Amino acid sequence: MIIHVLGNEFLKEDSLALKIADSLKINNVKFIKINTFDDLMKTHPVILDVCKGIKKASLITDIDEFISRRTATVHDMDFGFFLKLNKSLGNIDEINIIAIPLESYEGINQDIIKIIEELK
Numbered sequence: 070m071i072i073h074v075l076g077n078e079f080l081k082e083d084s085l086a087l088k089i090a091d092s093l094k095i096n097n098v099k100f101i102k103i104n105t106f107d108d109l110m111k112t113h114p115v116i117l118d119v120c121k122g123i124k125k126a127s128l129i130t131d132i133d134e135f136i137s138r139r140t141a142t143v144h145d146m147d148f149g150f151f152l153k154l155n156k157s158l159g160n161i162d163e164i165n166i167i168a169i170p171l172e173s174y175e176g177i178n179q180d181i182i183k184i185i186e187e188l189k
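Numbering follows our numbering, in which position 96 of the sequence shown is assigned residue number 165; successive positions increment by one, without gaps.
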């Protein structure tokens, strides 16, 4: 399984997914940091990213829900547009976003691992 990781290491509020991806070691799971949105051009991507307004790691499968919870950087707006456009073009038919809060909490890694195991 490949999990694409979004984030910006230079912005505290947008770097947690990158830090967690570096710390997790799960058999048969590879974390890939996204350099361009083209890295997601497949029909069913799995993404790890931070979202505002949530308290625990959760799975989001609705693009509109994900967009409404993202932080407000230019990157976020571009990514939301990319997701909507490619879904309408049929390039992405489903999406699984492992959404994590902006701040870490005790047990976050275990919650993420549980979601990943459910997706396998």
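Heads up, the beta-carbon is just placed ideally off N, CA and C, and yes, glycines get one too. This one's a predicted model, so the numbers in the text were calculated from it and none came from an experiment.
Sorting Asn77, Ala168, Leu188 by C-alpha distance to the C-alpha of Ser127 places Ala168 at the top. Under the 8 Å Cβ criterion, the segment 115-131 counts as touching the segment 147-166, having at least three qualifying pairs.
Leaving aside the five residues that flank Glu175 on each side, none in its chain has a CB nearer than 8 Å to its CB.
Where Asp118 is concerned, there is no enclosing alpha helix (DSSP H), although the beta strand (DSSP E) around it starts and stops at 115-119. About 13 Å separates the Cβ atoms of Ile136 and Leu75, ruling out a contact at the 8 Å cut-off.
Judged by DSSP in its simplified three-state form, Ser137 adopts helix. The C-beta distance from Leu93 to Asn178 rounds to 6 Å, short enough to fall under 8 Å. Under the DSSP definition of a beta bridge, Ser84 lacks any partner.
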